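Trainee:
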Amino acid sequence: MERILRGKVWRFGDNISTDHIIPGRYYHLRGDLRALAEHALEDADPEFARRAQPGDFVVAGKNFGQGSSREHAALVLKERGVAAVIAPSFARIFFRNAVNVGLMPILCETEGFETGDEIEVDVVEGRVRNLTRNLERTFRPLPPVMRAILESGGLIPHVLRYGGLRWQDTL
Amino acid sequence: MGLTLAEKIISHRLGETVRAEDIVVVPVDLLLAHEGTGPLALDQFGLLGKARPATQTLFFSDHAAPAPRRELANVQKRLRAFAEERGARFYRPGEGICHQIVAEEWARPGQIILGADSHTCTAGALAAFATGMGSTDIAVAMALGETWLRVPPTIRIEVEGSLPPMVTAKDVILHIIGHLGADGANYRALEFGGSTVAAMSVEERMTLCNMAVEAGAKTGLCAADEQTRRFLRAHGREEDYRPLNPDPDAVYEHRVHLRADRLSPQVAFPHFVDTVRPVEEVGDVPIDQVFIGTCTNGRLSDLRVAAQILRGRRVHPGTRLLVCPASRAVYLAAMQEGLLQIFVEAGGLVLPPGCGVCVGIHQGIPADGERCLSTQNRNFQGRMGNPEAEIYLASPATAAATAVCGRIADPREFL
Ligand code: SF4
Numbered sequence: 526m527e528r529i530l531r532g533k534v535w536r537f538g539d540n541i542s543t544d545h546i547i548p549g550r551y552y553h554l555r556g557d558l559r560a561l562a563e564h565a566l567e568d569a570d571p572e573f574a575r576r577a578q579p580g581d582f583v584v585a586g587k588n589f590g591q592g593s594s595r596e597h598a599a600l601v602l603k604e605r606g607v608a609a610v611i612a613p614s615f616a617r618i619f620f621r622n623a624v625n626v627g628l629m630p631i632l633c634e635t636e637g638f639e640t641g642d643e644i645e646v647d648v649v650e651g652r653v654r655n656l657t658r659n660l661e662r663t664f665r666p667l668p669p670v671m672r673a674i675l676e677s678g679g680l681i682p683h684v685l686r687y688g689g690l691r692w693q694d695t696l
Numbered sequence: 006m007g008l009t010l011a012e013k014i015i016s017h018r019l020g021e022t023v024r025a026e027d028i029v030v031v032p033v034d035l036l037l038a039h040e041g042t043g044p045l046a047l048d049q050f051g052l053l054g055k056a057r058p059a060t061q062t063l064f065f066s067d068h069a070a071p072a073p074r075r076e077l078a079n080v081q082k083r084l085r086a087f088a089e090e091r092g093a094r095f096y097r098p099g100e101g102i103c104h105q106i107v108a109e110e111w112a113r114p115g116q117i118i119l120g121a122d123s124h125t126c127t128a129g130a131l132a133a134f135a136t137g138m139g140s141t142d143i144a145v146a147m148a149l150g151e152t153w154l155r156v157p158p159t160i161r162i163e164v165e166g167s168l169p170p171m172v173t174a175k176d177v178i179l180h181i182i183g184h185l186g187a188d189g190a191n192y193r194a195l196e197f198g199g200s201t202v203a204a205m206s207v208e209e210r211m212t213l214c215n216m217a218v219e220a221g222a223k224t225g226l227c228a229a230d231e232q233t234r235r236f237l238r239a240h241g242r243e244e245d246y247r248p249l250n251p252d253p254d255a256v257y258e259h260r261v262h263l264r265a266d267r268l269s270p271q272v273a274f275p276h277f278v279d280t281v282r283p284v285e286e287v288g289d290v291p292i293d294q295v296f297i298g299t300c301t302n303g304r305l306s307d308l309r310v311a312a313q314i315l316r317g318r319r320v321h322p323g324t325r326l327l328v329c330p331a332s333r334a335v336y337l338a339a340m341q342e343g344l345l346q347i348f349v350e351a352g353g354l355v356l357p358p359g360c361g362v363c364v365g366i367h368q369g370i371p372a373d374g375e376r377c378l379s380t381q382n383r384n385f386q387g388r389m390g391n392p393e394a395e396i397y398l399a400s401p402a403t404a405a406a407t408a409v410c411g412r413i414a415d416p417r418e419f420l
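Order-wise, the sequence lines are chains A and B.
If you count the first sequence from 1, you need to add 525 to reach my numbering.
If you count the second sequence from 1, you need to add 5 to reach my numbering.
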């Protein structure tokens, strides 16, 4: 995992649901992740779907990812190259899915962040710096089991590497 | 210090006492996935190099049944082939919604159930610790027979008194979600109790537990009691019954109290499940489409209430009524009782058992600017297949009254 991430903000509001991230009407595309990812977040911000670049950040309000268990919601963001999703709270299934597919969720206050801002994240120190607005926020570390899974690059690589769900002695 | 239902089930399965916030690896009793989440679970399972699932696994064709497109037909075919070759159970299109079948045929008090579907928590109505996860978690549980989880703190919901006529379990849970908010129970378990819940059938408790996730909860739970025994007996598996209660001195994060006898029918407004108002405060809202069904409210007791209102009446000329029984068993029983006939005579349209209109994949998609009132559990923008439409949520009684009136209506006027 890179220690310092730097990129552009795409700002979303509270309660962004998995239906916003990837609507059920694209169900038939679930076998084709690249095609599916072209629709990522299009009902919340069509510009994101068209223009997001690898390394950009999704920055949202509370309860990001509420709704269905569709892991594709985390996968399409990963496929688009989103560096991390930053929000003050996440719905639990999305949170878990993100870690499982190797997409970093960051629990952090996001007030004052706007689309287009440049930010820099230090994942070791737990700090987000908004370079455009000269703001700095700290974030809470993930539970050890989730840190271990992210370190491995996701749950499947983790299980293959350690032969099971162990994490206590992997950090 | 006693244990909540969630703590008790997990402790029992582990053989040692665990409490809220502990992170544990637990054995899993039952796994499920459907066309939407199953293929990815199979891809991931394939990477883990195991020949057969280590735990009983069920695959369902319910979200798009029968298949409306080639891609989905191929997915259903793939799930069936995997089940036949590797030893899992496959349910054909038309058998019904996964959560309904899990309750009818599989769930038992004290089990740990994981599903690649957020409403897996429905089985909490049978005192099983049941929770939704993503496809990768399900794949790993298929390979290892276990999962990791954080034992959730519990919010105890105490409902006391008897529900007035035409006020139902759906109104109780909508009211509670309006109170807690869409993330008010995030990472927690909701445990439902009190005299109202004790008097509810398992079908009604399923409606409560189904929507626990709409407040962000990891699971919803009810005690296993004589109602549970009755439900299991009715489905030919009384031997699966065992009583299960939280300890009287269990430690809850907090308690929520609700008087059932003062409750009126509730309606959730678009586009959020927690924007809830009592029906008296709804105002004049014309409705283009009414949908009765889903894992929340597509059971026999739901169809009976709706039929009671629709019997001998006509659906308003400006409104469509769609009805979808939750499973083949519900469909058959509703047919034998003449309920389906009542819906069709009233001008309604009866769909094959499955998720039907709920998730906007293959049927009943509302037009731009239309308003739909549904008995489902979610009204997010775009949920029913059109982000330009609005979805209101209510009980089957309110839905039937609304179908007759063509605007959101109070079912108590049909008493
Ligand atoms: S009926 Fe709706 S909420 Fe229930 S499982 Fe099907 S799609 Fe999900």
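We treat Cβ as the ideally placed atom computed from N, Cα and C, and that holds for glycine.
Just so we're clear, the structure is a prediction, and the values are computed from it rather than from any experiment.
The ligand SF4 heavy atoms versus the CB of residue 313 of chain B: any closer than 7 Å?
Mentor: Here residue 313 of chain B refers to the residue found at position 308 when the second sequence is read from its first residue. No, the beta carbon of residue 313 of chain B sits no closer than 7 Å to any heavy atom of the ligand SF4.
Trainee: Any idea which residues DSSP pairs residue 332 of chain B with across the strands?
Mentor: Counting from 1 along the second sequence, the entry for residue 332 of chain B is found at position 327. DSSP lists B:101 as partners of residue 332 of chain B.
Trainee: Please state the DSSP three-state secondary structure of residue 70 of chain B.
Mentor: Here residue 70 of chain B refers to the residue found at position 65 when the second sequence is read from its first residue. The three-state secondary structure of residue 70 of chain B, taken from DSSP, is coil.
Trainee: Just the chain B side, please: which residues come within less than 8 Å of residue 568 of chain A by C-beta, in chain order?
Mentor: Numbered from its first residue, the first sequence carries residue 568 of chain A at position 43. Those are 386, 387, 392, listed as they occur along chain B.
Trainee: Would residue 92 of chain B and residue 550 of chain A be called neighbours here (beta carbons separated by less than 8 Å)?
Mentor: For the purposes of this step, residue 92 of chain B is identified with residue 87 of the second sequence, where counting begins at 1. For the purposes of this step, residue 550 of chain A is identified with residue 25 of the first sequence, where counting begins at 1. For residue 92 of chain B and residue 550 of chain A, no; Cβs fall outside 8 Å.
Trainee: Rounded C-beta distance between residue 122 of chain B and residue 62 of chain B? I'm assuming under 8 Å.
Mentor: As a first step, residue 122 of chain B is located in the second sequence; it is residue number 117 there, counting from the start. As a first step, residue 62 of chain B is located in the second sequence; it is residue number 57 there, counting from the start. With 8 Å as the limit, residue 122 of chain B and residue 62 of chain B do not qualify as a contact, their Cβ atoms being about 13 Å apart.
Trainee: By alpha-carbon positions, which one of A:619, A:604, A:614, A:689 ends up nearest to residue 632 of chain A?
Mentor: Within the first sequence, numbered from 1, the residue matching residue 632 of chain A stands at position 107. The shortest C-alpha separation from residue 632 of chain A is found at A:614.
Trainee: Is it the case that the Cβ atoms of residue 210 of chain B and residue 158 of chain B are separated by a distance below 8 Å?
Mentor: Position 205 of the second sequence, counted from the first residue, corresponds to residue 210 of chain B. Position 153 of the second sequence, counted from the first residue, corresponds to residue 158 of chain B. No; because the gap between Cβ atoms is not below 8 Å, this pair is not in contact.
Trainee: Name the residues in the stretch 178-192 of chain B whose C-beta lies less than 8 Å from a C-beta of chain A; which are they?
Mentor: 187, 188, 191, 192
Trainee: Throw me the rounded Cβ distance for the residue 314 of chain B and residue 405 of chain B pair, which I believe falls under 8 Å.
Mentor: Taking the first residue of the second sequence as position 1, residue 314 of chain B is located at position 309. Taking the first residue of the second sequence as position 1, residue 405 of chain B is located at position 400. The pair is a contact, with the Cβ atoms about 4 Å apart (cut-off 8 Å).
Trainee: Are residue 294 of chain B and residue 283 of chain B touching if we call contact CB-CB under 8 Å?
Mentor: Mapped onto the second sequence, residue 294 of chain B falls at position 289. Mapped onto the second sequence, residue 283 of chain B falls at position 278. No, Cβ-Cβ distance for residue 294 of chain B and residue 283 of chain B is not below 8 Å.
Trainee: State the start and end residues of the unbroken beta strand (DSSP E) segment that holds residue 647 of chain A.
Mentor: As a first step, residue 647 of chain A is located in the first sequence; it is residue number 122 there, counting from the start. Counting along the chain, the beta strand (DSSP E) containing residue 647 of chain A begins and ends at 643-647.
Trainee: Can you pull out the residues from the stretch 130-146 of chain B whose beta carbon lies closer than 7 Å to at least one beta carbon of chain A?
Mentor: 137, 138, 139, 140, 141, 142, 145
Trainee: Classify residue 196 of chain B: buried if its beta carbon has 16 or more other beta carbons within 10 angstroms, exposed otherwise.
Mentor: Within the second sequence, the letter at position 191 stands for residue 196 of chain B. Under this definition residue 196 of chain B is a buried residue.
Trainee: Sorry if obvious, but does the Cβ on residue 79 of chain B come closer than 7 Å to a heavy atom of the ligand SF4?
Mentor: Taking the second sequence and counting its residues from 1, one reaches residue 79 of chain B at position 74. Residue 79 of chain B: no, Cβ never under 7 Å from the ligand SF4.
Trainee: Could you compute how far the alpha carbon of residue 392 of chain B sits from the alpha carbon of residue 373 of chain B?
Mentor: Taking the second sequence and counting its residues from 1, the one referred to as residue 392 of chain B is at position 387. Taking the second sequence and counting its residues from 1, the one referred to as residue 373 of chain B is at position 368. Each residue's Cα considered, the two are about 8 Å apart.
Trainee: How would you list, in chain order, the residues of chain B whose beta-carbon sits under 8 Å from the beta-carbon of residue 677 of chain A?
Mentor: Taking the first sequence and counting its residues from 1, the one referred to as residue 677 of chain A is at position 152. Simply none; closest approach about 12 Å.
Trainee: Could you give the DSSP three-state label for residue 51 of chain B: helix, strand or coil?
Mentor: For the purposes of this step, residue 51 of chain B is identified with residue 46 of the second sequence, where counting begins at 1. Helix, per DSSP.
Trainee: Assign residue 104 of chain B to buried or exposed, taking buried as 16 or more other Cβ atoms, counted over all protein chains shown, within 10 Å of its Cβ.
Mentor: For the purposes of this step, residue 104 of chain B is taken as the residue at position 99 of the second sequence. The residue in question, residue 104 of chain B, is buried, as its Cβ has 16 or more Cβ neighbours within 10 Å.
Trainee: Within the same chain, show all residues whose beta-carbon is closer than 7 Å to that of residue 664 of chain A, passing over the 5 residues directly before and after it, in chain order.
Mentor: Mapped onto the first sequence, residue 664 of chain A falls at position 139. Hits under 7 Å: 631, 632, 633, 651, 653.
Trainee: Taking the CB atoms as reference points, tell me whether residue 609 of chain A and residue 629 of chain A lie closer together than 8 Å.
Mentor: What you label residue 609 of chain A is simply residue 84 of the first sequence in a count that begins at 1. What you label residue 629 of chain A is simply residue 104 of the first sequence in a count that begins at 1. For residue 609 of chain A and residue 629 of chain A, yes; Cβs fall inside 8 Å.
Trainee: Between the stretch 314-323 of chain B and the stretch 409-417 of chain B, can you find at least three pairs of beta-carbon atoms closer than 8 Å?
Mentor: yes
Trainee: Taking the alpha carbon of residue 161 of chain B as the point to measure from, which residue in B:330, B:53, B:257 has its own alpha carbon closest?
Mentor: The residue you call residue 161 of chain B lines up with position 156 of the second sequence. Checking every option, the nearest Cα to that of residue 161 of chain B belongs to B:257.
Trainee: Is the CB of residue 238 of chain B under 8 Å away from at least one CB in chain A?
Mentor: To locate residue 238 of chain B, count along the second sequence from 1; it is residue 233. Not an interface residue.
Trainee: Taking only the alpha-carbon atoms, compute the straight-line gap between residue 76 of chain B and residue 557 of chain A and give it to the nearest angstrom.
Mentor: If you number the second sequence from 1, residue 76 of chain B lands on position 71. If you number the first sequence from 1, residue 557 of chain A lands on position 32. Approximately 10 Å between the Cα atoms of the pair.
Trainee: Less than 7 Å between the CB of residue 360 of chain B and some heavy atom of the ligand SF4, yes or no?
Mentor: Position 355 of the second sequence holds residue 360 of chain B. Residue 360 of chain B Cβ: within cutoff of the ligand SF4.
Trainee: Do residue 618 of chain A and the ligand SF4 come close, with the Cβ less than 7 Å from some heavy atom?
Mentor: On the first sequence, position 93 is the one that residue 618 of chain A refers to. Flag unset: Cβ of residue 618 of chain A not near the ligand SF4.
Trainee: Leaving out the 5 sequence neighbours to the left and right, which residues in its chain are closer than 6 Å to residue 130 of chain B when beta-carbon positions are compared?
Mentor: Your numbering for residue 130 of chain B matches position 125 in the second sequence. If we look at residue 130 of chain B and ignore the five residues flanking it on each side, its Cβ neighbours are 207, 210, 211, 214, 227.
Trainee: For a quick check, are the C-beta atoms of residue 358 of chain B and residue 331 of chain B less than 8 Å apart?
Mentor: Numbered from 1 along the second sequence, position 353 holds the residue referred to as residue 358 of chain B. Numbered from 1 along the second sequence, position 326 holds the residue referred to as residue 331 of chain B. Yes; because the gap between Cβ atoms is below 8 Å, this pair is in contact.
Trainee: Considering only heavy atoms of the ligand SF4, does any lie closer than 7 Å to the CB of residue 212 of chain B?
Mentor: Here residue 212 of chain B refers to the residue found at position 207 when the second sequence is read from its first residue. No, the ligand SF4 has no heavy atom inside 7 Å of this Cβ.
Trainee: List the endpoints of the continuous beta strand (DSSP E) containing residue 533 of chain A.
Mentor: Working through the first sequence from its first residue, we reach residue 533 of chain A at position 8. Per DSSP, residue 533 of chain A belongs to the beta strand (DSSP E) from 529-536.
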